[in-house]
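Before any comments, here is the structure.
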């Protein structure tokens, strides 16, 4: 069983803040001011940031489902951006990030390259990312249900492919998913982190995530991502205060390579 590689110190500040917020009545305007107090975190994807009116909000749980490559790249860039200083759009120096990878696409070289582009130390960025991999559905459930909540001082939780390893659509599998989500809720109460989850598209649906209503109801914000030949489509399916929206990110057209006339056959002209 793969477990997290590092565990750091205790911080109860955000837990106490969340507890006081939940157990008291507040005016709507006070909630509005509180929401505006938190800085939006860029995803590193301009189209997604525009769709979300600026980026990720720390008080919301995000579910990005659809294309695996695009959604994983968003997690990778986000894991770096959150480690920038407050003045540069991050959550502060030394922010710890938990990265649970079931898609097996975590690439330290890509993270290092992006960290350099953001004027950050690749070594420090990688040290602050606590990576755990899952290769079976049982491992994924174990990581989320029991291992994740034991981490301390984690301000960002990134889960890549939460239902990629879904074995079947039987009752037991969905019960396992409920247990995994309960584990995510534990760390929500503990440190109130920014949580971004990715999942594949349901193979029997054109617009639902794999994991059904259990997964989609857990997410505060649902974004569907589809990779077409000419563009990447981002669709805001659900958001607490933003309307449904669809944006296209057009891919650059690559110029056709000129075929030399020498040794050409007729087949090349058809």
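Residue numbers (this note's numbering): 68 to 337.
Even for Gly, the Cβ is constructed at its ideal location relative to N, Cα and C.
This structure is a prediction, so every number in the text was calculated from the model and none was measured.
- According to DSSP, residue pairing for residue 310 in a beta bridge does not occur.
- A Cβ-Cβ distance of about 19 Å is found for the pair residue 303 and residue 278, leaving them out of contact under the 8 Å criterion.
- Boundaries of the beta strand (DSSP E) harbouring residue 165: 163–168, taken from the DSSP string.
- Closest by C-alpha distance to residue 212, out of 143, 225, 247, 204, is 247.
- In the structure shown, the three-state DSSP call for residue 293 is strand.
- Its chain contains 127, 129, 306 as the residues whose beta carbon lies nearer than 6 Å to that of residue 288, once the 5 sequence neighbours on both sides are disregarded; these appear in chain order.
- Residue pairing for residue 108: DSSP places it in a beta bridge opposite 123.
- By alpha-carbon distance to residue 231, the top candidate from 318, 110, 206, 238 is 206.
- Taking a cut-off of 8 Å for Cβ pairs, the stretch 160–180 and the stretch 109–128 do not touch, as fewer than three such pairs fall below it.
- Every alpha helix (DSSP H) of 4 residues or more that sits fully in the stretch 139–205 is shown, in chain order, as 175–184, 189–194.
- Sequence-distant partners of residue 111 (beyond 5 residues in either direction) whose C-beta falls short of 7 Å from its own C-beta, in its chain, are 141, 144, 145, 148.
- Rounded to whole angstroms, the gap between the alpha carbons of residue 241 and residue 281 is 8 Å.
- Per DSSP, the continuous beta strand (DSSP E) segment holding residue 222 begins and ends at 221–227.
- When secondary structure is reduced to three states using DSSP, residue 282 falls in the helix class.
- Taking a contact as a CB-CB distance under 8 Å, the pair residue 216 and residue 250 counts as one, their CB atoms being some 6 Å apart.
- Taking C-beta separations shorter than 6 Å and ignoring five residues to either side along the sequence, the partners of residue 254 in its chain run 215, 216, following chain order.
- Here the alpha carbon of residue 234 sits roughly 44 Å from the alpha carbon of residue 154.
- Within the DSSP secondary-structure output, residue 266 pairs in a beta bridge with 132.
- C-alpha of residue 187 to C-alpha of residue 208: approximately 33 Å in a straight line.
- Taking the Cα of residue 171 as reference, the smallest distance to any Cα among 159, 138, 184 is reached at 138.
- Under DSSP, residue 118 takes part in no beta bridge, so it has no partner.
- Residue 303 carries a strand assignment under DSSP once its states are collapsed to helix, strand and coil.
- Residues of the same chain with a CB within less than 7 Å of the CB of residue 198, apart from the 5 flanking positions on each side, are 72, 166, 168, 173 in chain order.
- With fewer than 16 other beta carbons inside 10 angstroms of its own, residue 202 counts as exposed.
- For residue 245, the enclosing alpha helix (DSSP H) begins and ends at 238–258.
- Residue 315 sits in a strand when the DSSP states are folded into three classes.
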